[in-house]
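>
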Amino acid sequence: MEPDLESPLRAHAGSARQEWKHPSDHWLRGFVLDNRASLGTLAVFIVMMAVFMVANPTVFTTWYLYSSVLTTLPVALFVVVPLVFVVTCGEIDLSFPATMGFASWVFALVVQAGYDPFLGIAAALLTGMLLGFLVGSLVVYGGLSSLIATLGMNFLLRGLIQIVNEGKSMALTSLSGSWAYKILSSQIYGIPVQIFWAIAFVVLSAMLYNRHRFGAQVRVVGDNPDSAQQMGIDVKRVRVKVFVFVGIGAAIAGTFSVMINFTWWPTAGDGYLLPVLASVFVGGTPTWGGIGTVVGGAIGAVTVSFIQTGVVAAGLSGFYVQFFNGLIIILSLLGHKWNQARYR
Amino acid sequence: MAERIIELRDITKSYGQVYALGGVNLSVDRGEVVGLIGDNGAGKSTLIKILSGVVRPTSGDILVRDKPVSGWSAARSRDAGIETVFQDRALAVQQTIVRNIFMGRELTGFMGWLKVNKEIEEASRLMREIGFTSKVFTPHSIVGQLSGGERQGVAIARAIYKQAELIILDEPTTALSLTETAKVFHFVRQVRASGRSILFIGHNIHHVFDIADRFVVLDRGKVALTADRSTVKSAEELINFMEDVAHPGGLPGLREAGEAEHQAR
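If you're matching them up, the sequences are chains X and U in order. The opening residue of the first sequence carries number 13 in the numbering used here; numbering runs sequentially from there. The opening residue of the second sequence carries number 4 in the numbering used here; numbering runs sequentially from there.
#1: Considering Cα atoms alone, identify which of U/Ala215, U/Met245 and U/Asn207 is closest to U/Arg223.
#2: Could you have a look at X/Pro237 and say whether DSSP puts it in helix, strand or coil?
#3: Tell me which residues share the same chain as X/Tyr221 and place their Cβ nearer than 6 Å to its Cβ, disregarding the 5 neighbours each side in the sequence.
#4: Going by DSSP in three states, U/Gly74 sits in which element: helix, strand or coil?
#5: Distance, Cα to Cα, U/Ile53 vs U/Pro60?
#6: List, in order along the chain, the chain X residues whose C-beta lies closer than 8 Å to that of U/Arg93?
#7: Here's the rule I'm using: 16 or more other beta-carbon atoms within 10 Å means buried, otherwise exposed. How should X/Glu103 be labelled?
#8: CB-CB under 8 Å to X/Met60, same chain, minus the five flanking residues each way: which ones, in chain order?
#9: Between X/Arg251 and chain U, is there a C-beta pair that is closer than 8 Å?
#10: What do you get for X/Glu178, buried or exposed, if any count of 16 or more other CB atoms within 10 angstroms of its CB means buried?
#11: Could you list the residues in the stretch 22-56 of chain U with a C-beta less than 7 Å from some C-beta on chain X, going in chain order?
#12: Return no unless some Cβ of chain U is closer than 8 Å to the Cβ of X/Arg223.
#13: Answer with yes or no whether the minimum CB distance from U/Val119 to chain X is below 8 Å.
#14: Ordered along the chain, which non-local residues of its own chain (more than five positions away) have a Cβ less than 6 Å from that of U/Asp173?
#15: Beta-carbon separation of X/Ser197 and X/Met271 under 8 Å?
#16: Just checking: is the beta-carbon of X/Phe226 within a distance shorter than 8 Å of some beta-carbon in chain U?
#17: Hey, X/Ala88 and X/Gly281: beta-carbon distance below 8 Å or not?
#18: From X/Trp32 to U/Thr141, what distance separates their C-alpha atoms?
#19: Given 8 Å as the limit, is there contact between the stretch 260-276 of chain X and the stretch 77-97 of chain X, that is, 3 or more CB pairs closer than that?
#20: Which residues share a DSSP beta bridge with U/Asp87?
#21: As a quick exercise: from U/Gly56, U/Asn120, U/Ala23 and U/Gly19, pick the residue whose alpha carbon is nearest that of U/Ala45.
#22: Could you give the first and the last residue of the continuous beta strand (DSSP E) run that contains U/Asp222?
#23: For X/Tyr355, which residues in chain U fall below 9 Å Cβ to Cβ?
#24: Beta strand (DSSP E) containing U/Arg12: first to last residue?
#25: Going by C-alpha to C-alpha distance, which of X/Val98, X/Trp209 and X/Val247 sits closest to X/Gly144?
#26: Pull out every residue of the stretch 295-319 of chain X whose Cβ sits closer than 8 Å to any Cβ of chain U, in chain order.
#27: Just to confirm the assignment, what range does the beta strand (DSSP E) spanning X/Thr73 have?
#28: Hey, how far is the Cα of X/Leu163 from the Cα of X/Gly155?
#29: Among U/Val58, U/Gly134 and U/Glu239, which residue has its Cα nearest to the Cα of U/Ser193?
#30: Rounded to the nearest angstrom, what separates U/Val21 and U/His206 at their Cα positions?
#31: CB of X/Ile342 to nearest heavy atom of the ligand ADP: below 7 Å?
#32: Would U/Trp116 pass as an interface residue toward chain X - the criterion being a Cβ-Cβ separation below 8 Å?
#33: Around the C-beta of X/Ala115, are 16 or more other C-beta atoms found within 10 angstroms, so that it is buried, or is it exposed?
#34: Using the Cβ count rule (16 or more neighbours within 10 Å means buried), how would you classify X/Leu86?
#35: Expressed to the nearest angstrom, what Euclidean distance is found between the alpha-carbon atoms of X/Gly205 and X/Ile195?
#36: Kindly indicate the opening and closing residues of the alpha helix (DSSP H) around U/Ser48.
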């Protein structure tokens with residue numbers, strides 16, 4: 013028998029067979045949904061810059077302002093990115109400023125002793141890894157709260173630096189002519205070279221976070237450590253690894269901060285604690301672990317750096333900086349809360 | 004005789020002074036469905052955790068394919084071809100279906116980089132295979148957005164990837180709708196037909212009776228009964244046995260009430 017093409021039943025069957033389109037099927041909507049946190053941060057940044065530009069168009073169209081931000085921003089980026097991993101893993105690390113100081117101290121010692129700065133960088137990286145491993149092991153195998161234990165380690169390591177150096181700084185004038193300086197920290201057409209290294213670091217880390225076993229395991233451990241363990245993931249090892257990653261980032265950041273100034277101070281890294289933490293959360297990584305965004309964290313760092321420069325450049329007195337810092341942090345958090353859902 | 008997948012010999016587990024398991028012997032052969040039943044606190048969960056390597060026994064031996072193993076862990080258990088669908092499903096709810104299916108077993112290529120496309124492909128295939136497909140979710144969907152039955156599907160898909168020899172299902176039908184329960188049963192039969200084994204844990208004895216080839220009744224940390232399907236006539240017989248074990252001599256009040264009801268009919 014010929015099928016009745018006019019039958020309502022048949023029409024119905026046809027529509028049921030049709031695939032229901034998922035919102036993320038369209039590439040643009042999928043992209044927006046997948047990156048809503050970092051896109052939100054980008055929106056905050058653009059709005060903030062627009063306000064600054066309206067407030068003082070002359071200053072915000074001169075290159076000098078951007079050049080000065082781009083000189084110091086990379087230092088923050090090298091620690092913000094690893095901290096996104098730590099927070100995703102359900103931990104926190106407040107010891108990175110001291111690690112920055114400690115690793116850059118080793119770098120300064122090697123350079124002052126007359127060795128090639130590249131050797132100093134290698135030594136600093138090794139120091140950072142070791143300190144990260146020490147802090148991580150203390151938290152993970154010692155079973156301590158990472159909030160308190162890393163705070164303690166920050167004081168302890170900084171104290172060690174102060175005791176040995178008695179507050180004395182180190183001038184490293186020999187750095188200026190070295191290959192290491194030319195490659196890592198000079199300027200090309202007025203653009204500080206270190207920003208390119210920082211961008212490379214952010215891109216590599218974002219891939220590590222999204223497309224590597226390490227990132228996948230960090231997210232799963234932060235999301236549900238019990239399940240991760242039941243599925244055979246060595247949860248403790250993953251946790252120690254993220255602290256080692258912070259150690260590496262802090263070592264790079266510390267080294268760059270010394271190369272910018274040709275001087276090592278016993279307080280190196282101290283000022284980065286709060287701005288860096290703020291950048292992570294302004295960037296859209298939530299506090300509860302499991303999810304996060306490396307690119308968002310980087311944009312958060314850019315936002316936080318521009319607040320300081322921007323407020324002053326916009327013609328307000330320096331007393332307004334803290335107020336605007338706080339305002340941006342609170343507004344961003346409210347925005348992210350509205351923007352993302354938490355699943356349990 | 005069929006190959007022995009895993010055997011536990013005289014396993015004990017104590018938490019401080021409290022014995023959760025006091026000398027349990029249990030084995031699962033290839034291609035059989037073993038139903039593990041027991042009251043709350045009988046030690047079922049502890050036994051599963053030991054089989055899946057999450058918890059280490061206090062004493063006793065674990066034999067995989069008749070060879071004693073040392074350094075038993077969750078990773079070793081999975082490597083030995085034992086997959087567990089835990090009662091709480093052990094899912095990371097903020098992650099995608101893909102990330103959950105490949106949790107702890109990421110498909111990686113050069114230097115640990117994920118084979119993203121391969122993972123998506125395999126995940127879609129697995130979800131299709133067990134019939135937990137839907138038009139409203141893709142392998143990229145976040146597990147937290149799925150219903151209970153769909154989450155169970157993800158947990159099962161994870162278990163069947165890599166052709167596990169033995170799949171442990173811990174209370175798989177709890178909190179599932181009728182159609183979802185039917186799907187789980189269909190899946191169990193499918194697995195047995197393919198010559199693999201299942202250890203099915205359930206509190207609903209009728210469910211277990213319907214599906215198992217052999218029953219193991221656990222009571223207060225000990226195996227109270229091991230019986231083949233052929234020797235047990237009905238689920239009621241099992242229930243009566245469990246009542247007897249739990250309350251030797253019977254609960255006077257309960258038994259009289261039962262008899263009174265019987266006579267009234």
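Beta carbons: idealized from backbone N, C-alpha and C, even for Gly.
From the atom records:
#1: To locate residue 223 of chain U, count along the second sequence from 1; it is residue 220. When only C-alpha atoms are compared, the closest one is U/Met245.
#2: In the first sequence, counting from the first residue as 1, residue 237 of chain X sits at position 225. When secondary structure is reduced to three states using DSSP, X/Pro237 falls in the helix class.
#3: By one-based count along the first sequence, residue 221 of chain X stands at place 209. Around X/Tyr221: Gly227 and Val306.
#4: Counting from 1 along the second sequence, the entry for residue 74 of chain U is found at position 71. Here U/Gly74 sits in coil by DSSP.
#5: Taking the second sequence and counting its residues from 1, the one referred to as residue 53 of chain U is at position 50. Taking the second sequence and counting its residues from 1, the one referred to as residue 60 of chain U is at position 57. A direct Cα-to-Cα measurement between U/Ile53 and U/Pro60 gives close to 6 Å.
#6: Stepping through the second sequence from its first residue, residue 93 of chain U is reached at position 90. For clarity, residue 93 of chain U is Ala in the given sequence; the question names Arg instead. Those are Asn236, Asp238, Ser239, Gln242 and Met243, listed as they occur along chain X.
#7: Within the first sequence, residue 103 of chain X is the residue found at index 91, counting from 1. Residue burial annotation: X/Glu103 is buried, with at least 16 other C-beta atoms found within 10 angstroms of its C-beta.
#8: Taking the first residue of the first sequence as 1, we reach residue 60 of chain X at position 48. Same-chain partners within the cutoff: Thr315, Phe318, Ile319, Gly322 and Ile340.
#9: For the purposes of this step, residue 251 of chain X is taken as residue 239 along the first sequence, with counting starting at 1. Answer no: the Cβ-Cβ gap between X/Arg251 and chain U never drops below 8 Å.
#10: What you label residue 178 of chain X is simply residue 166 of the first sequence in a count that begins at 1. Counting C-beta atoms within 10 angstroms of its own C-beta, X/Glu178 has fewer than 16 neighbours from the protein chains shown and is therefore classed as exposed.
#11: Cβ contacts with chain X come from Ser55.
#12: Your numbering for residue 223 of chain X matches position 211 in the first sequence. Yes, contact with chain U.
#13: Here residue 119 of chain U corresponds to residue number 116 of the second sequence, with the count starting at 1. Chain X, which has a Cβ nearer than 8 Å to the Cβ of U/Val119, makes this yes.
#14: To locate residue 173 of chain U, count along the second sequence from 1; it is residue 170. Cβ neighbours of U/Asp173 beyond the five flanking positions: Ile51, Phe89, Gln90 and Ile204.
#15: By one-based count along the first sequence, residue 197 of chain X stands at place 185. By one-based count along the first sequence, residue 271 of chain X stands at place 259. Result yes, Cβ atoms of X/Ser197 and X/Met271 sit closer than 8 Å.
#16: Residue numbering aside, residue 226 of chain X sits at position 214 when the first sequence is read from its first letter. Yes, because at least one Cβ of chain U sits closer than 8 Å to the Cβ of X/Phe226.
#17: Numbered from 1 along the first sequence, position 76 holds the residue referred to as residue 88 of chain X. Numbered from 1 along the first sequence, position 269 holds the residue referred to as residue 281 of chain X. Not a contact, by the Cβ cut-off of 8 Å.
#18: Your numbering for residue 32 of chain X matches position 20 in the first sequence. Your numbering for residue 141 of chain U matches position 138 in the second sequence. Its pLDDT being 44, under 50, X/Trp32 is placed unreliably by the model, and nothing is read from it.
#19: Two segments are said to touch when three or more pairs of C-beta atoms, one from each, lie closer than 8 Å; by this definition the stretch 260-276 of chain X touches the stretch 77-97 of chain X.
#20: Here residue 87 of chain U is taken as the residue at index 84 of the second sequence, counted from 1. A quick correction: the sequence has Thr, not Asp, at residue 87 of chain U. As computed with DSSP, U/Thr87 is found in a beta bridge with U/Ile171.
#21: Taking the first residue of the second sequence as position 1, residue 45 of chain U is located at position 42. For U/Ala45, the nearest C-alpha among the options comes from U/Ala23.
#22: Taking the second sequence and counting its residues from 1, the one referred to as residue 222 of chain U is at position 219. For U/Asp222, the enclosing beta strand (DSSP E) covers residues Arg217 to Asp222.
#23: On the first sequence, residue 355 of chain X is found 343 positions in, with the first residue counted as 1. Residues of chain U with a Cβ closer than 9 Å to the Cβ of X/Tyr355 are, in chain order, Val96, Gln97, Ile145, Val146, Gly147 and Gln148.
#24: Taking the first residue of the second sequence as 1, we reach residue 12 of chain U at position 9. Looking at the DSSP string, the run of the beta strand (DSSP E) that includes U/Arg12 is Arg7 to Tyr18.
#25: Here residue 144 of chain X is taken as the residue at index 132 of the first sequence, counted from 1. Measuring from the Cα of X/Gly144, the nearest candidate turns out to be X/Val98.
#26: Identification of residues in the stretch 295-319 of chain X having a C-beta nearer than 8 Å to some C-beta of chain U yields Gly302 and Ile303, given in sequence order.
#27: Start at 1 with the first residue of the first sequence, and residue 73 of chain X comes out as number 61. For X/Thr73, there is no enclosing beta strand (DSSP E), as DSSP marks it with neither H nor E.
#28: Taking the first residue of the first sequence as position 1, residue 163 of chain X is located at position 151. Taking the first residue of the first sequence as position 1, residue 155 of chain X is located at position 143. Rounded to the nearest angstrom, the two C-alpha atoms are 15 Å apart.
#29: Numbered from its first residue, the second sequence carries residue 193 of chain U at position 190. The residue asked about is misnamed: residue 193 of chain U is Gln in this sequence, not Ser. Of the listed residues, the one whose Cα sits closest to U/Gln193 is U/Gly134.
#30: By one-based count along the second sequence, residue 21 of chain U stands at place 18. By one-based count along the second sequence, residue 206 of chain U stands at place 203. Looking at the two C-alpha atoms, the distance is approximately 23 Å.
#31: Summarising the ligand content, the structure contains no ligands, and the ligand ADP is consequently not present.
#32: As a position in the second sequence, residue 116 of chain U is number 113, starting the count at 1. At a cut-off of 8 Å, the C-beta of U/Trp116 has a neighbouring C-beta in chain X.
#33: Taking the first sequence and counting its residues from 1, the one referred to as residue 115 of chain X is at position 103. Its Cβ being crowded by 16 or more others within 10 Å, X/Ala115 is buried.
#34: Here residue 86 of chain X corresponds to residue number 74 of the first sequence, with the count starting at 1. Position check: residue 86 of chain X holds Pro in this sequence, whereas Leu was assumed. With 16 or more other Cβ atoms within 10 Å, it is buried.
#35: The residue given as residue 205 of chain X occupies position 193 in the first sequence. The residue given as residue 195 of chain X occupies position 183 in the first sequence. With the sequence shown as reference, residue 205 of chain X is identified as Val, and Gly is not the correct amino acid for it. C-alpha of X/Val205 to C-alpha of X/Ile195: approximately 8 Å in a straight line.
#36: Translated into the one-based positions of the second sequence, residue 48 of chain U becomes position 45. Note, U/Ser48: alpha helix (DSSP H), Lys47 to Leu54.
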